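Participant: Okay, here's the structure, questions in a sec.
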């Protein structure tokens, strides 16, 4: 409380900008947001937004990733099966919600083609990979047999994402089925 | 040859419109295409495009799906393993190509949120589901043990799609790994 953080002003500006972007996504969807809209809403100069993020899609992508990660703490149930089921259910529920669906579509729409802003694109799944690695490391410490991080991405997260995009939203029971299949190997 | 098709004029108009949309996607990417641009390029009235497709995203989505399906004929190698590997490799190669990547991104960007144009959205994966069903039916006739269509969608197509979106493009060897894993169960 009252502790000054280094870079406090920069951090506060980022917070104001992120709030403006999140509000614009919720209001208009992801398609129609220009850097100037964000600048106006946040009360900052568009030039400084361009200097920091380069492209409006990079900024929208960062906000979408942050909003999608804003959820219950990482489950720690005492077993990998329990952790992955709780984690998968929470993602499925998020993708099925109105806000979660808006931010997920913003993320998809602003993900860059290969070659453009490559690091922003590859960073999209980084927070999810980190969560998976944490759960797997805890399981290994308990002596459990674990799949790899890629296997969890490919066979739990990918089906949830593709169903959210093209199918009826995945329900939580489907997340559980995917985990049972992953661990049955 | 010279055979008149019923609805020939409608089919020809559709062809001209689809060519215009495909050219615009290749030139500009998926983001900046308006119904009026398509009307101008195709030489048809924008009102008739709206009457037939309702929303520019529905039209772009249909064209993207058609372009993505424009590929080698469905493999028929004599085994499900061979068919799925050839099919998966061909999809991975397509997603890694410049054109394939443009049309895939157009497809993703125009896929509707749940509730809007629901049938267009759910139809996106229909051509892929149909291909899978054909390969599985042939395998069952040969007496092979087969996974379900959903399992092929969730564990072969979904990882290829999610890697194309967020990762380094999936290479053809990865498609083969996914097939081996799917059939090892």
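Chains as they are written, first to last, in UniProt numbering: chain X, 1 to 185; chain H, 1 to 185. Using N, Cα and C, we set each Cβ at its ideal position, and we do this for glycine too. Predicted, not measured: the structure shown is a model, and the values here were computed from it.
Between the C-alpha atoms of residue 97 (chain H) and residue 68 (chain H), what's the straight-line distance to the nearest angstrom?
Facilitator: So the two alpha carbons sit approximately 11 Å from each other.
Participant: 9 Å is my cut-off, CB to CB: does residue 166 (chain X) come that close to chain H?
Facilitator: Interface residue, yes.
Participant: Which residues of the segment 60-83 of chain X have a Cβ closer than 7 Å to any Cβ of chain H? Give them in chain order.
Facilitator: From the segment 60-83 of chain X, no residue has a Cβ closer than 7 Å to chain H.
Participant: Anyone know if the C-beta pair for residue 175 (chain X) and residue 156 (chain X) falls short of 9 Å?
Facilitator: Yes; because the gap between Cβ atoms is below 9 Å, this pair is in contact.
Participant: In chain order, which alpha helix (DSSP H) runs of at least 4 residues are fully inside the segment 81-131 of chain H?
Facilitator: For the segment 81-131 of chain H, whole alpha helix (DSSP H) runs of length 4 or above, ordered along the chain, are 98-110, 118-123.
Participant: So which residues on chain X does residue 154 (chain H) lean against when the C-beta distance must stay under 7 Å?
Facilitator: Ordered by position in chain X, the residues that pass the 7 Å Cβ test against residue 154 (chain H) are 159.
Participant: Measuring straight from C-alpha to C-alpha, what distance separates residue 48 (chain H) and residue 123 (chain H)?
Facilitator: Approximately 22 Å, taken between the alpha carbons.
Participant: Which residues in chain A sit within 7 Å of residue 17 (chain X), going by Cβ to Cβ distance?
Facilitator: In the structure shown, chain A cannot be found, because the protein chains are X and H.
Participant: Would you tell me roughly how many angstroms separate the C-alpha atoms of residue 24 (chain X) and residue 30 (chain X), rounded to the nearest one?
Facilitator: About 8 Å.
Participant: Hey, how far is the Cα of residue 152 (chain H) from the Cα of residue 132 (chain H)?
Facilitator: Approximately 7 Å, taken between the alpha carbons.
Participant: Less than 9 Å separating the beta-carbons of residue 102 (chain H) and residue 26 (chain H)?
Facilitator: Contact: yes.
Participant: Could you work out which residue in H:150, H:104, H:80 is closest to residue 60 (chain H) when comparing CA atoms only?
Facilitator: Measuring from the Cα of residue 60 (chain H), the nearest candidate turns out to be H:104.
Participant: Do you know offhand how far residue 149 (chain H)'s Cα is from residue 141 (chain H)'s?
Facilitator: Whole-angstrom Cα-Cα distance: 16 Å.
Participant: Going along the chain, which residues of the segment 123-147 of chain X sit with their C-beta nearer than 7 Å to a C-beta in chain H?
Facilitator: From the segment 123-147 of chain X, only 124, 125 have a Cβ closer than 7 Å to chain H.
Participant: Should residue 76 (chain H) go down as buried or exposed, given a rule of 16 or more other Cβ atoms within 10 Å for buried?
Facilitator: When all chains shown are included, residue 76 (chain H) counts as exposed.
Participant: Is residue 43 (chain X) near the ligand ZN, judged by its Cβ being under 8 Å from some heavy atom?
Facilitator: This structure simply doesn't include the ligand ZN, nor any ligand for that matter.
Participant: Figure out for me which residue from H:45, H:34, H:139, H:130 has the closest Cα to the Cα of residue 83 (chain H).
Facilitator: The candidate whose alpha carbon is nearest that of residue 83 (chain H) is H:139.
Participant: Out of X:179, X:183, X:12, state which residue places its alpha-carbon closest to the alpha-carbon of residue 85 (chain X).
Facilitator: That would be X:179, whose Cα lies nearest to the Cα of residue 85 (chain X).
Participant: What is the DSSP secondary structure of residue 70 (chain H), reduced to helix, strand or coil?
Facilitator: Looking at residue 70 (chain H) - three-state DSSP - the assignment turns out to be coil, as it is neither helix nor strand.
Participant: At least one CB of chain H closer than 9 Å to the CB of residue 58 (chain X): is that the case?
Facilitator: By this cut-off, residue 58 (chain X) is not an interface position.
Participant: Apart from the five residues on each side of it in sequence, which residues of its chain come closer than 8 Å, Cβ to Cβ, to residue 144 (chain H)?
Facilitator: Same-chain partners within the cutoff: 79, 80.
Participant: Mind checking which residues open and close the alpha helix (DSSP H) that includes residue 14 (chain X)?
Facilitator: Element bounds for residue 14 (chain X): 8-28.
Participant: Looking only at its own chain, which residues have a Cβ that is under 7 Å from the Cβ of residue 93 (chain H), when we skip the five neighbours before and after it?
Facilitator: Within the same chain, residue 93 (chain H) has close Cβ partners 172.
Participant: Return the CA-CA distance between residue 167 (chain H) and residue 56 (chain X), expressed in angstroms with no decimal places.
Facilitator: Computed Cα separation, rounded: 21 Å.
Participant: By the 10 Å Cβ neighbour count, where 16 or more other Cβ atoms means buried, how is residue 62 (chain H) classified, buried or exposed?
Facilitator: When all chains shown are included, residue 62 (chain H) counts as buried.
Participant: Using beta carbons (cut-off 9 Å, strictly below), is residue 1 (chain H) in contact with chain X?
Facilitator: Interpretation of residue 1 (chain H) is limited by its pLDDT of 40, a score under 50 that renders its predicted location unreliable; the figure taken from the coordinates is listed afterwards. Answer no: the Cβ-Cβ gap between residue 1 (chain H) and chain X never drops below 9 Å.
Participant: Would you tell me roughly how many angstroms separate the C-alpha atoms of residue 126 (chain X) and residue 65 (chain X), rounded to the nearest one?
Facilitator: Rounded to whole angstroms, residue 126 (chain X) to residue 65 (chain X) spans 10 Å at the Cα level.
Participant: Using a Cβ-Cβ cut-off of 7 Å (strictly less than) and excluding sequence neighbours within five positions of residue 4 (chain X), which residues of its own chain qualify?
Facilitator: With a pLDDT of only 47 at residue 4 (chain X), under 50, the local geometry of the prediction cannot be trusted, and no value is derived from it.
Participant: Could you pull out every residue in the same chain whose Cβ sits closer than 7 Å to the Cβ of residue 106 (chain H), ignoring the five residues on either side in sequence?
Facilitator: Here the set comprises 25, 30, 60, 64.
Participant: In this structure, does DSSP put residue 37 (chain X) in helix, strand or coil?
Facilitator: DSSP places residue 37 (chain X) in helix when its eight states are reduced to three.
Participant: By DSSP, does residue 144 (chain X) sit in helix, in strand, or in coil?
Facilitator: DSSP places residue 144 (chain X) in coil when its eight states are reduced to three.
Participant: When the Cα atoms are used, what is the spatial distance from residue 190 (chain H) to residue 45 (chain H)?
Facilitator: Shown here, chain H extends from 1 to 185; a query on residue 190 (chain H) therefore has no answer.
Participant: Tell me the DSSP secondary structure of residue 133 (chain X) in three-state form.
Facilitator: Residue state, collapsed to three classes: helix.
Participant: Contact check, residue 182 (chain X) vs residue 95 (chain X) under 8 Å by CB: the rounded distance?
Facilitator: The Cβ separation is near 18 Å, so there is no contact.
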